[in-house]
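To start, the structure under review is shown below, and the notes come after it.
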Amino acid sequence: MGSEGRHWPLPEDAPAFADLSRCVHCGLCVTACPTYVVTGREAESPRGRLYLARAVSEGRIGLTEAVEAHWDLCLQCRACEAVCPSGVPYGRIMEHVRAQVAAAPAKGRFARRLRRLVLRNLVARPGVLAAAVAPVRWFAGSRTRRLAVKAGLLRLPSMVGRLEKQLPHAPGRPLRAGDALPEVEAASSRAVLFTGCVMGELFGNVHRATARVLARAGIQALAAPGQVCCGALSAHDGDLAFARGLARRNIEALELVGEDPIIVDAAGCGAALKEYEQLLAGDREYAVRARAFAARVRDASEFVAELPMKVPARLGARVTYQDPCHLAHAQRIREAPRRLLAGIDGCTLVETVASDLCCGAAGTYGLLQPAMSAALRARKAAAFHRVRPDAVATANPGCQMQYEAAVREAGLSARVVHVMELLDEAQARAGG
Ligand code: SF4
Ligand code: SF4
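For what it's worth, the numbering used here labels the leading residue of the sequence shown as 850, then goes sequentially.
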C-alpha cells in the first residue's frame, strides 16, 4: 500500500495503487462489460470504475454515495479482466474497493450491515443455512408451488415472485460436508468434492452427478468433513477478514485428507478456492499452505475433460452452453465444458450470442440490483428464444437459477442443468 491508501477508510485493505495504476485507459474492456452494454455509460464501465477508484485513492474526489453507486452496479463478473491487455487485476481491486465502501460512514450502511450479518451468520454457518433452506427446498419441488404459479399468486409481491421463478424444480437431497458417497469398487484414485454452502443445500443432485461421473472413471469422490463456504460471497462484499477466516478453515479441513485433487462443480467457489493464495498473501502462517491448496483445486469439467478414460455417453438433445463468468473469465475455462457436451453421442451443441455475457445472477446481485439483473436476464431469454434449445447447460448454481427464470420468460420448456448432470445422464443412458 502506498501513501494513497490514507484516503480510504480502511487503509490496511485499500486497493493497491500498483494495481490501479496498471490501467492505461485503452478502453478495450468497455464493450465486454455487461453494465456498459446495458447502459452505454462510461461511469458504468470498468475503465470508469477504475478511474473513480484511482481518483479516490489520490484524494482527488471523496467516497461519495454517487461514486459508490457506480461500484455497486458492478457484477464482479471479471469479463473486463479477461480482455485487459495490461493485466489489471480488476476482481482483486473491486473486492478491496467494496471493503472500503463497507467501512465508509455513508447512507445505506444499515443495508450493508444486514447483508454482512446474513453472509456471516446464515450462509457461512452450515447448521443455520440447512434450517433456512429446508423450507425453500420443500417448496421448490412441491405441488403448492405449482398451484400457486397456476393461480397467479406469485405475480404480486415482486421479490417472492422473482425468487420463485429462479428455484430449481427438483432440488433433490442436500449433499453436505461429511456425507457419505457410494463406494466405488476398485477405485484407482480419490478426489475431494467441494460441497460449498447453498450449492450443497439446493444442488445436492449436481454434486451426486459429479460423483457418479468420477466413479465411472474409477475415482472415489469424498465429501470431506470440516469444509465450509468458500468465502466468495463475503469477499465480493468486501468482508475480506471473514473470507480469510473461511479460507483458513477450508485449508485446514482439506489438508487432513491428503493431497487428492479438490473438485469443484460451482464456478464461483472454484475461482475463490483457486485464489486463496492471493487472499492469504499477507498471512505468514497460511500463505504457503494456501498456494499448495490452490494447486489442488480443479473445476469438474476441466478435470473430467482431461481424464484419459473416456466413458460412452448418449443423449439426443439440442443443448446450449452458457459460460459462468467465474469459469470463463476468472478461471479462463471455456473449452472443457463444450468439449464434454460435444462428445456426447447425439448431443447437438448450439451457441447463442454472448454466451459469456453475465446473466445477472452474480451471487446476491439479483436481490440488490434487480433492474440490471432483470435486463441481463432478458438478454439471455431473447437468446434462448432464438435457438430454442432442449436444455440450457451451465456450471454454477446462481446461473442455473437465473436461467430457470430466463427460460420461463422466453416461454420455453427447456431444462436447465449443470454440465455434470447432463454428462451423468448421458453416460447412464449409454449403459455406464
Ligand atoms: S482495465 Fe485494461 S482494458 Fe480496461 S481500460 Fe484499463 S488497461 Fe484498458
Ligand atoms: S467486473 Fe463485470 S460488471 Fe464489473 S466492470 Fe468488469 S466487466 Fe463490468
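Glycine residues also receive a C-beta, built at the ideal position from the N, C-alpha and C atoms.
Computed from a predicted model, the values in this text were never measured in an experiment.
Item, Value
"Of the listed residues K1229, R1138, P1219, nearest to A1203 (C-alpha basis)", "K1229"
"Cβ-based neighbour list, A952, same chain, cut-off 7 Å, excluding 5 preceding and 5 following", "P858, L859"
"Spatial distance of M1250 from C1174 (CA atoms)", "14 Å"
"Unbroken stretches of the alpha helix (DSSP H), 4 residues or longer, contained in the stretch 1040-1066", "1047-1051, 1053-1065"
"Per DSSP, the bridge partner or partners of C1196", "A1166"
"Close-in-space but distant-in-sequence residues of the same chain around R903 (CB under 6 Å, 5 per side omitted)", "L869"
"Start and end residues, alpha helix (DSSP H) containing L1128", "1125-1128"
"Close beta carbons around R941, own chain, < 7 Å, minus the five adjacent residues each side", "D868, Q1127"
"Collapsed DSSP secondary structure at T884 in the structure displayed", "helix"
"Classification of M1008 by the beta-carbon crowding that lies within 10 angstroms, buried from 16 upward", "exposed"
"Alpha carbon of P1110 to alpha carbon of P1074, nearest angstrom", "15 Å"
"C-beta atoms of V1168 and A1240 nearer than 8 Å", "yes"
"At least three beta-carbon pairs within less than 8 Å, the stretch 1150-1164 to the stretch 1214-1228", "no"
"Top-ranked residue by Cα proximity to L922, from D1114, R947, G911", "R947"
"Assigned secondary structure, Q1251 (DSSP; H/G/I helix, E/B strand, else coil)", "helix"
"P895: CB within 7 Å of a non-hydrogen atom of ligand 2", "yes"
"Given C1208 as reference, the closest of H856, V873, Q1015, L1261 once Cα atoms are compared", "Q1015"
"Pairwise C-alpha distance: S935 and R1237", "39 Å"
"Heavy atom of ligand 2 within 7 Å of A924 beta-carbon", "The sequence given here has Leu at residue 924, not Ala. Answer for L924: yes, Cβ within range of ligand 2."
"Beta-carbon proximity check, N970 vs G1021, cutoff 8 Å", "no"
"Any non-hydrogen atom of ligand 2 closer than 7 Å to P954 Cβ", "no"
"Beta-carbon gap between G1192 and A1231 smaller than 8 Å", "no"
"D1148: first and last residue of the uninterrupted alpha helix (DSSP H) it sits in", "That residue, D1148, is in no alpha helix (DSSP H); its beta strand (DSSP E) goes 1146-1148."
"Contact check, C872 vs V932, beta carbons under 8 Å", "no"
"Ligand 4 heavy atom lying under 7 Å from the CB of R927", "Ligand 4 is absent from the structure shown, which contains only ligand 1 and ligand 2."
"Near ligand 2: T884 beta-carbon under 7 Å from a heavy atom", "yes"
"Assigned exposure category for H874 - 16 Cβ within 10 Å defines buried", "exposed"
"Alpha-carbon spacing of G911 relative to R1065, whole angstroms", "57 Å"
"Pairwise C-alpha distance: A1058 and V1268", "9 Å"
"Any non-hydrogen atom of ligand 1 within 7 Å of C1174 CB", "no"
"When T880, L1272, V1047 are compared against G1195, the one with the closest alpha-carbon", "L1272"
"Enclosing alpha helix (DSSP H) for A1090 [first to last residue]", "1089-1104"
"Spatial distance of I1112 from R1257 (CA atoms)", "31 Å"
"Alpha carbon of V1077 to alpha carbon of D1088, nearest angstrom", "16 Å"
"Distance between D1205 and V886 (C-alpha atoms, nearest Å)", "13 Å"
"With 16 other Cβ atoms within 10 Å as the buried cut-off, status of T993", "exposed"
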